[in-house]
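Residue 213 in our numbering sits at position 213 of the sequence shown, with consecutive numbering throughout.
Ideal Cβ positions, reconstructed from N, Cα and C, are used throughout, including at glycine.
All values derive from a computational prediction rather than experimental measurement.
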Amino acid sequence: DRMDYLASMNNNLAWSLGVEKLLDVEAPERAQWIRVICAEMNRIASHLIAFGTYGIDTGANTPFFYAFRERESIMQLLEKISGARMLYNFIRPGGVANDIDDSWMAQVLAFCDDFEKRWAEYNRILSTNHIFIKRTANIGVLPKDMALDYGCTGPVLRGSGVKWDLRRDVPYLGPYDDIEFEVPVGEGTHGTLGDCWDRYWVRMREMMESIRIIRQAIEKIPDGTHMDKKMERMYKTPLKPDPGEAYMRCENPRGDLGFYIVSDGSDSPIRCRARGPSFCNLSVLDALLPGCMLADGVAVIGSLDIVLGEVDR
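Printed below as a string of structure tokens:
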């Protein structure tokens, strides 16, 4: 929850999948679809922060207030099913903490309808703003080869034109195989491929793809239980996986988040290693910042959309 506090659901998911792999447990089908809905809603909320704060970084204050308006709607929806505002602890090994009902899904669909209209507003305010384009186009150009060499993932990598998304290329939840969505990549629309504007635009397009995923997930979600029965029984005592190791990774809003867990049979892992995307994406600054203007440095750093809690962890 607290590593990338802007994407708590996604962090919960990566950790839960790692523990499930270690325990040889699979969440029920309904729980997997609920996980997809929650993860994509949190992805939108995270990208809204990226959109709003990037406007401030480049001299536009208004987008921040627009972004928080829609983010608040998402937080209220996620609070209804989890009881928490930001640190949800909702996606757990074996499934999810609570089931969702038809009225909640109807509210989610209503949000999707409203968000599509708001997204068009965002683009009129910032994306196509002449000053914003001048501040971000041809700035902080990250070539594809450099992005790969530095281990960049997520929108930072896709902004350089690399079509790589774990949801599509290494599906970690069954529903992603049954859902149609595009993987947005940078195209050098206003400048050079891999510049700050491309990285920004990838996140903007991803929000609409998440809306598309959520609609399909709500349409296809099956009946059933929200928690594996074996795990429900195990939760009454400390979890003690058999000795072994597991590595699991997910497509977080900032990129590839992985957890490596080693068990010796006790109720605590003897080793737990987190591979945070913000840490790797931040390292490329050594190559991007030398020689740029100070004001452009702010735009470059903002285009990476890091969360320092995940960098420090």
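Requested in this report: Determine the DSSP secondary structure at Leu239, reduced to helix, strand or coil.
Outcome: DSSP, reduced to helix, strand and coil, places Leu239 outside both helices and strands of the structure shown, so it counts as coil.
If you run the structure through DSSP and keep just helix, strand and coil, what is Gly244?
Here Gly244 sits in strand by DSSP.
For Asp178, which of Asn12, Phe68 and Ile214 has the nearest alpha-carbon?
Closest in C-alpha terms to Asp178, from the list Asn12, Phe68 and Ile214, comes Ile214.
Self-check item: Inter-residue Cα distance where the pair is Lys117 and Asp242
Solution: When rounded, the distance between both Cα atoms is 50 Å.
For this session: Please name the residue in Gln32, Gly55 and Arg69 whose C-alpha comes closest to that of Ala45.
Result: Answer by Cα proximity: Arg69.
Q. Where Lys21 and Asn281 are concerned, what is the direct C-alpha to C-alpha distance, given to the nearest angstrom?
A. If you draw a straight line from the Cα of Lys21 to the Cα of Asn281, it comes to about 27 Å.
Cβ-based burial, Gln76 [other Cβ within 10 Å; buried from 16]:
Label assigned to Gln76: exposed.
So, at 8 Å on beta carbons, what are the nonlocal neighbours of Val284 in its own chain, with the 5 sequence-adjacent residues on each side left out? Counting only Cβ-Cβ distances below 8 Å, and skipping sequence neighbours, we find Leu142, Met146, Ala147, Tyr150, Cys152, Val156 and Leu304.
Other residues of its chain near Gly330: CB distance less than 7 Å, five sequence neighbours each side excluded: Outside the modelled stretch of the chain, which goes from 1 to 313, sits residue 330, for which no answer is possible.
Since Gly309 and Asp4 should fall inside the 8 Å C-beta cutoff, what is the C-beta to C-beta distance between them, to a whole number of angstroms?
Between Asp4 and Gly309 the Cβ distance is about 6 Å, and since that is below 8 Å, they are a contact.
Arg273 to Val311, Cα distance in whole Å? Arg273 and Val311 have their C-alpha atoms spaced approximately 13 Å apart.
Cβ shell of Thr192 (< 7 Å), same chain only, five flanking positions each side left out: Shown here for Thr192: same chain residues with a beta carbon closer than 7 Å to its own, the five before and five after excluded, namely Asn138 and Val141 in chain order.
- Query: Helix, strand or coil: which one does DSSP assign to Ala120?
  - Reply: Helix, per DSSP.
Rounded C-beta distance between Pro175 and Val36? I'm assuming under 8 Å. Approximately 5 Å separates the beta-carbon atoms of Pro175 and Val36; this is inside 8 Å, confirming the contact.
message = Using the Cβ count rule (16 or more neighbours within 10 Å means buried), how would you classify Ala217?
response = Ala217 comes out buried.
Handout entry: Three-state secondary structure assigned by DSSP to Ala274
Key = Strand at Ala274.
Practice item. Go ahead and label Ala287 buried or exposed: buried means 16 or more other beta carbons lie within 10 angstroms of its beta carbon, across all protein chains shown. Key: Classification for Ala287: exposed.
Checklist entry - Which of the three DSSP states, helix, strand or coil, is assigned to Val141? => result In the three-state scheme derived from DSSP, where H, G and I count as helix and E and B as strand, Val141 is classed as coil.
Query raised in the report: Hey, out of Gly94, Arg71 and Trp33, whose CA is closest to Ala227's CA?
Result: Before going on, a small fix: residue 227 reads as Met here, not Ala. Comparing Cα-Cα distances from Met227 to each of Gly94, Arg71 and Trp33, the minimum goes to Gly94.
Determine the direct distance from the alpha carbon of Leu289 to that of Pro63, and round the result to whole angstroms.
Cα-Cα distance, rounded: 26 Å.
**Prompt:** Can you tell me whether DSSP reads Ser268 as helix, strand or coil?
**Reply:** DSSP places Ser268 in coil when its eight states are reduced to three.
Comparing alpha-carbon positions, which option in Ile270, Asp267 and Leu126 lies nearest Met204?
Looking from the CA of Met204, the closest CA among Ile270, Asp267 and Leu126 belongs to Leu126.
Terminal residues of the beta strand (DSSP E) in which Val202 lies:
For Val202, there is no enclosing beta strand (DSSP E); the residue is part of the alpha helix (DSSP H) that begins and ends at Cys196 to Lys220.
Margin query: Using C-beta distances below 6 Å, list every residue in its chain close to Met41, excluding the 5 sequence neighbours before and after it, in chain order.
Written below: Taken in chain order, the residues that qualify are Ile74.
So for Leu289, helix, strand or coil by DSSP?
It is coil, neither helix nor strand.
Going by Cα to Cα distance, which pick from Ala299, Val307, Arg254 and Arg313 is closest to Ala60? Minimum Cα distance to Ala60 is reached at Ala299.
- Query: Shortest alpha-carbon distance to Glu232 belongs to which of Cys38, Val96, Cys112 and Asn123?
  - Reply: Nearest option by C-alpha distance: Val96.
First through last residue of the alpha helix (DSSP H) which encompasses Phe68 = First-last of the alpha helix (DSSP H) with Phe68: Thr62 to Ser82.
Check: Going by C-alpha distance, which of Glu251, Pro277, Ala246 and Gly276 is nearest Asp264?
Finding: Of the candidates Glu251, Pro277, Ala246 and Gly276, the one whose C-alpha sits nearest the C-alpha of Asp264 is Ala246.
Practice prompt. State the Cα-Cα distance for the pair Gly154 and Asp99, rounded to the nearest angstrom.
Written response: Going by the C-alpha atoms only, they are around 30 Å apart.
Under 7 Å between C-beta atoms of Ser16 and Ile91: Cβ atoms of Ser16 and Ile91: closer than 7 Å.
If you follow the alpha helix (DSSP H) that Asp296 is in, where does it begin and where does it stop? In the DSSP assignment, Asp296 falls within the unbroken alpha helix (DSSP H) covering Leu294 to Leu304.
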